[in-house]
Every structure is written in structure tokens, then in C-alpha cells.
Amino acid sequence: MPHTLPTETQILIVGAGPSGLAAAISLICNGIEPSNLTIVDCAEKGANTSRALAIHSATLEALDQYGCASRLIELGIKGTDWRVGDRSSTIFKTSFSSNAPYTKYPFMLILEQSTTEHVLEERLRELGVEVKRPFRVVGMRDSGEKATSVFFESGEIVRTKFVIGADGVRSSVRQLSGIDFADPDGKSIDESVTDLVAQMVLADVSISLPEDQAALYSSGLSLTTSDAGMFLLLPLGKPTVGEGLYKSSQPVYRVGFNVPRALGEPPSKPSLEYIQRNTDQQAPFSLCSDPQVNPNPVKITQVHWSTRLRIRSAIADVFFKRVHGGIVFLIGDAGHVHSPAGGQGMNIGLRDATGLGPVLVGHIRKSEKSSKGRSDENNSTDPDADTDTATLKDYAALRRMRGLENIRLTKRMTGTIGFVLKPRLFNWPLWIFKLLLKLSVFQNMFVYRLSGLGNR
């Protein structure tokens, strides 16, 4: 049955990816009546294409308070280690167990994004809210009495006090609210990262891995560096995830590799042949399909999904804005975007969302109490009287600061990788990099930073 939209709602969430779903859950769990919240998405269910994989410790803690973490953990793989190596050997292997003193989730949960979305949407349904699809926002206008009229491509209009923009990098809410979105260092897309790591290919594939190698790559993320570039490999989750997503009886892995600008733009949907060729050039020799290189050739047997990425960094000027009569708040990729290095994007978006619930509900309750007080005193309310938005502004400033910190982190990571991989007669940076990675203090600092525990 096609969905219809209400003519009025207290809170409208635009975007039903992980951030939008988590924001809705957080708001309901903090006291918003399900009938006062509407969440929409412009895509049919399952049509979203962003494919994050990692859920870090701080994010699991944030989701746990709303009853979501345990189901995600059931479906995912507890990534206990992070291996970095060259094509012939492991340079270092660090364990997330060093985070055990700081969290009850001392691991990186590996789980494909659409499965994460399914779990969050099921939880939201339990709380009494259904996502309405497909509805695309095309306009916003002041409708008086501190409310906004939101116009949809379908012709429907929804009046609301609060619009939460969780609609991704190309956010309609952000653009219609006149909020700028740019690199925080003032650089263009082409200048923000080095040419070597400016483009990436990601793909979900089945591989003819021998049992010993399958076991090796099943417990965490493997990153390989070489003169040709970098190559990553990790599982999608437990076998049931690959079965549910792609009807695959074989384990499914995520592979990724950089494509220097000098080699041209990758195909929009890279083929098996393209991915195999780059795998042979950049992956560990033990994953090579060429029998002259690997006596036990390993081949990609099927490509289930593939895409290309242009690496960029950008952040919204503000995450909170009084505009079109109401209040707009940005979360997730609508507010910030950066390199996928370290699997930070979805995580910081989820933490934007889970923390917004108590803050926005607190603001609404305070406004209602203030309005009631004025009514008791004056026997009427002044719709133009300004309510205190300090807590919303403070939270928006905090989340923007966290976004900036993540942009700096991922820029450092991609910058370091680009510097290390730059061709030289004697590649001394690579040897220094290898030496640093062997130091336990560096390893522990690295996994702590990735976990989000220091950047909640």
C-alpha cells in the first residue's frame, strides 16, 4: 500500500539511512510520541547505495542505550585485529583488545550497512514508527507560528516545527536552508587529497580463498601497501549477511583499492576483470590470480556490487539554523563528509543522531513549559516569543567540532598513505612507516582513535 504523508507533524526527519533511523529511535526513546514524528526517504527500501562496514566501540555504546547493539552484534563479526602489511608479509597486527579497559565493546564490528539499516528500521517499527517512501523534498517555506512547510515532489506538503536533515552528501534540506558545504581548509576537491589516493574502487565479491586464508581474513581488516597503492580486504559479516544480501552460498568480502588520477577515472560500476586486474597489482601475492606469481592462484569468482569513490572532505557551516520559520538540524553526511579511511563516516553520523534525541526532547519540553507559563500569566501565548535554543546550538557546535576532528584524522591518514606511496628511488618513508607500526604504543593509540572513544 502506498504511503501518505500527514499534513502536520512535530518533527520531520528527511533521510532514512543509519543516521536518520537512529535519530528517530533516539527521539522516541526519549519521549517523543510516535504520532508526532515522521521520517521519510526519497529512495525505495533497499535502494540506498552507501555501503559502510565498520561499527566502532563508541557507536555500539551509543546504540546500546536504545536497544540496538545486541542484534547488530549477533549478525556481525567481531573484528579483533587490524593487519597492515606489504604484498609479501604482515608488517604489524594490532588488537582492539587494548581498548578493553575503556569499553565493553573492545572490537570493531564488521557488518554491511544495509543490514545495519534493516536492524535499525526493525527497532523503529517496534517503537511504532514506519519509514515513508519514496518522498523527495523539493522546497521549504515559512508557514507562520515558527513552523516550516516542507514541499515534496509528489505534491504533498507537511507543516513541521523541526526538520532534521539526514539526507546525505547532496542534502536537499541543507541546500534549501542556504547552508554552505565546503572543505574546512578552503581547498577544492582536487586539492584536498593527493593524486595517488584521490579515487577508490569498492566492491563486494566472492573469492576462491583456500580455507587457511579464509580463516586469516575472517577476523578483521587487512590493509596492504605497495608501490602500486593500497588494497583492503574484510568480510561483510557472518555468512547469513551475504546470503541475505546477494543470495550467495559463498562468503562475501569487501575489497577496496586506490586508483591514482594519472590512470584516469575508474568505471562507475567496475567489472570483475577490472577488479581482478587491480587486485593482482595491489593485493598480497597470496591473493594473486597469476600462477607465475602465486603457485596457488586465487580468483574473484563473482562481483555482487561495485562502485567508485572520489575522496573529498567537506563540512556544513552550521548544523543548526532557524530558517523558513522553523528549526533545521543537520546530522550525518548532510553535515560532514570525508575519506572512508578508518571507517569513520557512518559512525560519527550515528553518534550525531543518538545524542540528538535527549537534547531536542529537552528543548521541546522546556519550550512547552515556558509556553504554559506565559499562558497562565497572560491567558494567551505569543507565538513570536523566542524560546531558548542554547542547548540545541551547543549540541550543534559540539557535533560540528567532532566532524572537524574526524576530517582532520582522515586527512592525516590519507595524506600519510599518499606520502608513503609516492614513488622514490629509495622509499625511506615506507621504512619509517613500517618501523612506527611495530611500536605497541603507536598501535594502541591508533586503535583507540579509530574506536571513537576519544571522539564521541
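Mind the numbering: the sequence shown is residues 1 to 456 in full-length UniProt numbering, read in order.
Even glycine gets a Cβ: it sits at the ideal position worked out from N, Cα and C.
Please read these numbers as outputs of a predicted model, since none were measured by experiment.
message: Rounded to the nearest angstrom, what separates Phe181 and Phe151 at their Cα positions?
response: 22 Å
query: Residues bridged to His56 by DSSP?
result: His56 pairs with nothing; no bridge assigned.
field: Beta bridge counterpart(s) of Ile110 as assigned by DSSP
entry: Ala54 and Ile77
field: Residue from Ala353, Lys369, Tyr395 and Lys366 whose Cα sits closest to the Cα of Ser26
entry: Ala353
task: Look up Ile32 in the DSSP assignment and say whether it is helix, strand or coil.
output: coil
- request: Answer with buried or exposed for Phe442, where buried requires no fewer than 16 other C-beta atoms within 10 angstroms of its C-beta.
  value: exposed
field: Supposed close pair residue 473, Gly357 - CB separation, criterion 8 Å
entry: This structure leaves residue 473 out entirely; the chain is present only between 1 and 456.
query: Does DSSP put Pro235 in a helix, a strand or coil?
result: strand
message: Below 8 Å on the Cβ atoms is my contact criterion, and I expect Val173 with Ala334 to pass it. Report the Cβ-Cβ distance as a whole number of Å.
response: 6 Å
- request: Within 10 angstroms of the Cβ of Asp382, are there 16 or more other Cβ atoms? Answer buried if so, exposed if not.
  value: Low confidence applies to Asp382: its pLDDT is 42, below 50, so where it sits in the model is not reliable, and the reading given next is rough at best. Result: exposed.
Contained beta strand (DSSP E) runs [length at least 3] in the region 122–152, N- to C-terminal order: 137–142 and 148–152
message: Within a Cβ cutoff of 7 Å, which residues of the same chain sit near Ala147, ignoring the five residues on either side of it in sequence?
response: Arg159, Thr160, Lys161, Gly325 and Gly326
query: Under a CB-based cut-off of 7 Å, is Val441 close to chain D?
result: The displayed structure is made up of one protein chain only, and chain D is not part of it.
Nearest-angstrom Cβ-Cβ length linking Gly244 and Val252, presumed shorter than 8 Å: Rounded, the Cβ-Cβ distance is 10 Å, inconsistent with contact.
- prompt: Does DSSP classify Val318 as helix, strand or coil?
  reply: coil
message: Quick check: Arg83 and Ser222, are their CB atoms within less than 7 Å of each other?
response: yes
- prompt: Name the DSSP beta bridge partners of Ile327, please?
  reply: Phe162 and Arg322
- request: Could you spell out where the alpha helix (DSSP H) holding Thr279 opens and where it closes?
  value: Leu272 to Gln282
- prompt: Roughly how many whole angstroms lie between the Cα atoms of Pro2 and Gly139?
  reply: 22 Å
- request: Tell whether a beta-carbon distance below 7 Å holds between Val197 and Pro270.
  value: no
- request: Mark Lys321 as exposed unless 16 or more other C-beta atoms lie within 10 angstroms of its C-beta, in which case mark it buried.
  value: buried
query: From Thr115 to Leu350, what does the alpha carbon distance come to, in whole angstroms?
result: 15 Å
- request: Determine the direct distance from the alpha carbon of Leu439 to that of Val255, and round the result to whole angstroms.
  value: 27 Å
query: Can you round the beta-carbon distance between Cys288 and Val303 to whole angstroms, since I take them to be within the 8 Å contact cut?
result: The pair is not a contact, with the Cβ atoms about 17 Å apart (cut-off 8 Å).
message: One question on the structure: do Ile164 and Ile32 come within less than 7 Å of each other, judged by their Cβ atoms?
response: no
- prompt: Thinking C-alpha only, which one of Ser57, Ala69, Ala215 and Phe329 is nearest Ile11?
  reply: Phe329
- prompt: With 16 as the cutoff for other CB atoms within 10 Å, does Tyr100 come out buried or exposed?
  reply: Position check: residue 100 holds Ala in this sequence, whereas Tyr was assumed. Exposed.
- prompt: Run through DSSP, which three-state label would Gly15 get?
  reply: coil
- request: Pull up the distance between the alpha-carbon of Gly403 and that of Asp227, whole angstroms please.
  value: 31 Å
- request: Determine, using beta carbons only, whether Phe107 and Gly79 come nearer to each other than 7 Å.
  value: yes
field: Best match in Gly144, Gln344, Glu191 and Pro134 for proximity to Gln113 [C-alpha to C-alpha]
entry: Gln344
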